Amino acid sequence: MSSTGQVVGGVVGAVVGFYVGGPSGAVYGAQVGMGVGGLIDPPKVMGPRLDDLTAQTSTYGAFIPRIYGTAPVVGNVFWIQGNKLIEREAESSGKGGPEVTNFEYFATFAVGLCEGPIDGVRRIWIGGQLWYDAGSNDMATIIASNESAALFTLYNGSDTQLADPLIQADRGVANVPAYRGLAYIVFNELPVKDYGNSLAGAQVKVEVVSSGTNPFSVTILPTLDNATWSSAAWDGSRMVLVEDGGTKSQVSYDLEHWQSGVISSGNWNDITYGGGLFCAVSVTGLTQSAISFDGITWMPHAMPSLNPWRSVAHNGTSFCAVASDTSYSPNNVAVSVDGITWRGYPLPSAAVWQKIIWNGSTFCALCNGSPTAVSVDGINWTTGAMPSGQDWIGLCWNGSTFCAVSRNGGSSALSADGITWTVGGSLPYASDWTSVAWNGVEFFACNRNTAIAAYSADGITWTSMVMSASVWQAVVPVGEAFFVLSRSNPASKGALVARVMTVNQITLSTIVQSECLKSDLLTASDIDVTDLTDQVRGYRVSSLAPLRGGVDPLRKAWPFDVIQHGYKIKFKRRGGASVATITSAELDARAAGT
Numbered sequence: 039m040s041s042t043g044q045v046v047g048g049v050v051g052a053v054v055g056f057y058v059g060g061p062s063g064a065v066y067g068a069q070v071g072m073g074v075g076g077l078i079d080p081p082k083v084m085g086p087r088l089d090d091l092t093a094q095t096s097t098y099g100a101f102i103p104r105i106y107g108t109a110p111v112v113g114n115v116f117w118i119q120g121n122k123l124i125e126r127e128a129e130s131s132g133k134g135g136p137e138v139t140n141f142e143y144f145a146t147f148a149v150g151l152c153e154g155p156i157d158g159v160r161r162i163w164i165g166g167q168l169w170y171d172a173g174s175n176d177m178a179t180i181i182a183s184n185e186s187a188a189l190f191t192l193y194n195g196s197d198t199q200l201a202d203p204l205i206q207a208d209r210g211v212a213n214v215p216a217y218r219g220l221a222y223i224v225f226n227e228l229p230v231k232d233y234g235n236s237l238a239g240a241q242v243k244v245e246v247v248s249s250g251t252n253p254f255s256v257t258i259l260p261t262l263d264n265a266t267w268s269s270a271a272w273d274g275s276r277m278v279l280v281e282d283g284g285t286k287s288q289v290s291y292d293l294e295h296w297q298s299g300v301i302s303s304g305n306w307n308d309i310t311y312g313g314g315l316f317c318a319v320s321v322t323g324l325t326q327s328a329i330s331f332d333g334i335t336w337m338p339h340a341m342p343s344l345n346p347w348r349s350v351a352h353n354g355t356s357f358c359a360v361a362s363d364t365s366y367s368p369n370n371v372a373v374s375v376d377g378i379t380w381r382g383y384p385l386p387s388a389a390v391w392q393k394i395i396w397n398g399s400t401f402c403a404l405c406n407g408s409p410t411a412v413s414v415d416g417i418n419w420t421t422g423a424m425p426s427g428q429d430w431i432g433l434c435w436n437g438s439t440f441c442a443v444s445r446n447g448g449s450s451a452l453s454a455d456g457i458t459w460t461v462g463g464s465l466p467y468a469s470d471w472t473s474v475a476w477n478g479v480e481f482f483a484c485n486r487n488t489a490i491a492a493y494s495a496d497g498i499t500w501t502s503m504v505m506s507a508s509v510w511q512a513v514v515p516v517g518e519a520f521f522v523l524s525r526s527n528p529a530s531k532g533a534l535v536a537r538v539m540t541v542n543q544i545t546l547s548t549i550v551q552s553e554c555l556k557s558d559l560l561t562a563s564d565i566d567v568t569d570l571t572d573q574v575r576g577y578r579v580s581s582l583a584p585l586r587g588g589v590d591p592l593r594k595a596w597p598f599d600v601i602q603h604g605y606k607i608k609f610k611r612r613g614g615a616s617v618a619t620i621t622s623a624e625l626d627a628r629a630a631g632t
């Protein structure tokens, strides 16, 4: 960009040159005048500033920042579902008072962050409040952050990322690009009550990590009451445990502090949450089911038979339980709308049914053997078959696929409908896999005989990880984390398994080289940055500027010079070791005339 001195010098030079040498003289005069004007008033190069991109925008053609290392950025909102907030009614009434209709507002929108690809985001602030922290080891923060993670999807700006389905549903599949090369976040029904019920108040600031890792971190939780814990259920705010062979239950809101409850005596084998109730089933006893509103006070109820009831699930309207034996009745499935009154029905076979789940449209049940069974209502069932007759005991759903793990075969199996199953993959230990869960990102399976656990993105390729030695019994997703329950007695305990973002520093040479190559005027062979070995925590280029504007701020923090070295541009760090000593004699320094 020309300075005022160059412009004025060029005009004056052109006029003088025209009078001296005509049209050709005007050209030469303008060039000379611009050169002189540039010396007097050189061009001003504006680099990035601290206040660039500090306010959330919604602007066409906004500059897309470049992030090196770890740096914060306030993004640009480029899509809002339906171009409006989502409004929902919430009715409330007091005893004897009028009904009051309140309105709750939610926002589904996309925020562009920076050039991709990136490795992830570590923190998110909304409205100035820390909303998500993937780098914390604090238990309460981990739980809150993993619950928040369910409300957004991060696209890292890779060359292979796909279009977001929410934007496609709003704008049409053919009208939505994948925005490859752009890292962005899509928030899904974010409550805006705390931000003035306005998207303008929900300013989103994100700490972007361009270079980092996201390994699992295992936090062993405080020792629980001595009991043989068999199962756990999470209702979104509290975890409830039930005991196998006793009368204990426990409740915790933060997985660190537990409150004890009392349930009727039984071998409580499974627990689920639905319809505002916790419901547990037992393999023994006269009252083989129990319900609770809070996990502390329980109300026992009889099942339709004394069959050993192994597992229970809820479909939004009814509970459905399966039994592992038909010694007392051929009806090995039971259905109840309230957890109090149960009615029995037969499954397609008298197998040892061990697990049942609901995937949003279908109940699916597994057994010790090859049969499976599916039902939309818990009454009428269709038979399926596993790829092998193993002891299938763990089952979950990832939104499109059922994933099962076996206790004695060391393998997984997959199915889209619960009827037709295919072999998944080999687990990293040959036996004793008891539970598997999906957290919205990946599967996680626990083993009751070793300290080995396993995780997988697709249910086929499994990676092992090491936990502390214990009898790990059950896995429950808590947002994007996993609560893993141990049934050991007396050393009963649990663990929270969550990914924690760790950041890497980036070398100064990497930043300088990247900025130079973005000019499209230089190649890697044209520059030499080997002397720039300093580590940089984070750097952000947040405005459109010449090449020098992106490099100069770095020179102030890590002084270096740019010199010609042969046919290369060399970046030389200041403060290096001396390479030569020149004496005064070698300089020929003497008084004039001597």
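In terms of the working numbering, the sequence shown is numbered consecutively and its last residue is 632. Glycine included, every Cβ here is placed at the ideal spot set by N, Cα and C. Keep in mind that this is a model prediction, so the values were computed, not measured.
Check, Outcome
"Residues in its own chain within less than 8 Å of alanine 489 by CB, not counting five upstream and five downstream?", "Val504, Met505, Ser506, Ala507 and Ser508"
"Taking the alpha carbon of glutamate 153 as the point to measure from, which residue in Asp197, Trp163 and Asn175 has its own alpha carbon closest?", "Asp197"
"Since lysine 243 is in the beta strand (DSSP E), which residue starts that stretch and which ends it?", "242-247"
"Under the assumption that glycine 462 contacts leucine 452 (Cβ atoms under 8 Å), give the Cβ distance between them as a whole number of angstroms.", "5 Å"
"Does glycine 432 come out as helix, strand or coil in the three-state DSSP assignment?", "strand"
"Are the region 473-485 and the region 510-522 touching by the rule of at least three beta carbon pairs closer than 8 Å?", "yes"
"Take phenylalanine 147 and list the residues in its own chain whose beta-carbon comes closer than 8 Å to its own, dropping the five residues that flank it on each side.", "Val115, Trp117, Ile118, Gln119, Val224, Phe225, Leu228 and Leu237"
"Based on Cα-Cα distance, which residue from Trp391, Thr420 and Trp435 lies nearest to glycine 398?", "Trp435"
"Go through its chain and collect everything with a Cβ distance to aspartate 564's Cβ below 7 Å, but skip five positions before and after it.", "Lys606 and Ile607"
"Return the CA-CA distance between valine 230 and threonine 97, expressed in angstroms with no decimal places.", "21 Å"
"By a C-beta neighbour count over all protein chains shown, 10 Å radius and 16 as the cutoff for buried, is alanine 483 buried or exposed?", "buried"
"Between the Cα of leucine 433 and those of Ala411, Arg611 and Ser580, spot the shortest distance and give me the residue it belongs to.", "Ala411"
"Cα-Cα, which of Pro203, Asp157, Leu279 and Cys402 is closest to tyrosine 291?", "Leu279"
"My understanding is that valine 522 touches alanine 533, with C-beta atoms under 8 Å, so please give their C-beta distance in whole angstroms.", "5 Å"
"Could you please give the first and the last residue of the uninterrupted beta strand (DSSP E) stretch that includes isoleucine 309?", "297-312"
"Pick out whichever of Ser249, Lys610 and Val535 has its Cα sitting closest to the Cα of threonine 160.", "One point to set straight first is that residue 160 is arginine, not threonine, in the sequence displayed. Checked all of Ser249, Lys610 and Val535; the closest Cα to arginine 160 is Ser249."
"When you compare each of Ser330, Val350, Leu344 and Gln297 to isoleucine 309 by their alpha carbons, which one comes out closest?", "Val350"
"Could you check whether the region 164-179 touches the region 240-260, counting it as contact only if at least three pairs of C-beta atoms, one from each stretch, sit closer than 8 Å?", "yes"
"Check isoleucine 498 in the structure and name its three-state DSSP category.", "coil"
"Any idea if proline 103 is buried or exposed, counting beta-carbon neighbours within 10 angstroms, 16 or more meaning buried?", "buried"
"Can the beta-carbon of isoleucine 162 be found closer than 8 Å to that of tyrosine 170?", "yes"
"What residues are listed by DSSP as bridge partners for asparagine 406?", "Asp429"
"On a CA-only basis, which of Gly422, Tyr467, Thr421 and Thr420 is nearest valine 443? Give me that one, please.", "Tyr467"
"On the premise that threonine 439 lies in contact with glycine 354, defined as a C-beta separation below 8 Å, what is that separation, rounded to the nearest angstrom?", "Not a contact, Cβ separation roughly 21 Å."
"Looking at the secondary structure, which residues open and close the beta strand (DSSP E) in which glutamine 167 lies?", "167-171"
"Would you mind working out which of Val550, Phe144 and Leu625 sits nearest tryptophan 596, comparing C-alpha positions?", "Val550"
"Count the other CB atoms within 10 Å of the CB of serine 557; is the residue buried (16 or more) or exposed (fewer)?", "exposed"
"Are the beta-carbon atoms belonging to asparagine 307 and valine 321 less than 8 Å from one another?", "yes"
"Looking at serine 426: is its Cβ nearer than 8 Å to the Cβ of serine 408?", "yes"
"Looking only at its chain, what residues have a beta carbon closer than 6 Å to the beta carbon of leucine 546, apart from the 5 residues adjacent to it on each side?", "Leu570, Asp572, Val574 and Trp596"
"Kindly provide the ranges of any beta strand (DSSP E) runs that are 3 or more residues long and lie completely inside the region 576-624, ordered along the chain.", "576-579, 598-603 and 606-611"
"To which residues of the same chain is valine 83 closer than 6 Å at the C-beta, ignoring the five residues directly before and after it?", "Low confidence applies to valine 83: its pLDDT is 49, below 50, so where it sits in the model is not reliable enough to give any reading."
"Whose C-beta lies closer than 7 Å to the C-beta of arginine 486 among residues of the same chain, with five residues either side of it excluded?", "Asp470, Thr472, Val509, Trp510 and Gln511"
"On the three-state DSSP scale, how would you describe valine 321?", "coil"
"By Cβ distance, which residues of its chain are closer than 7 Å to glutamine 645, with the 5 residues on each side in sequence left out?", "No statement about residue 645 is possible, as the shown extent of the chain runs from 39 to 632 and does not include it."
"Here's a check: name, in chain order, each residue in its chain whose Cβ is nearer than 7 Å to the Cβ of tryptophan 554, leaving out the five neighbours to either side.", "In the sequence as presented, tryptophan is not what sits at residue 554; that position holds cysteine. Taken in chain order, the residues that qualify are Leu560, Ile565 and Leu585."
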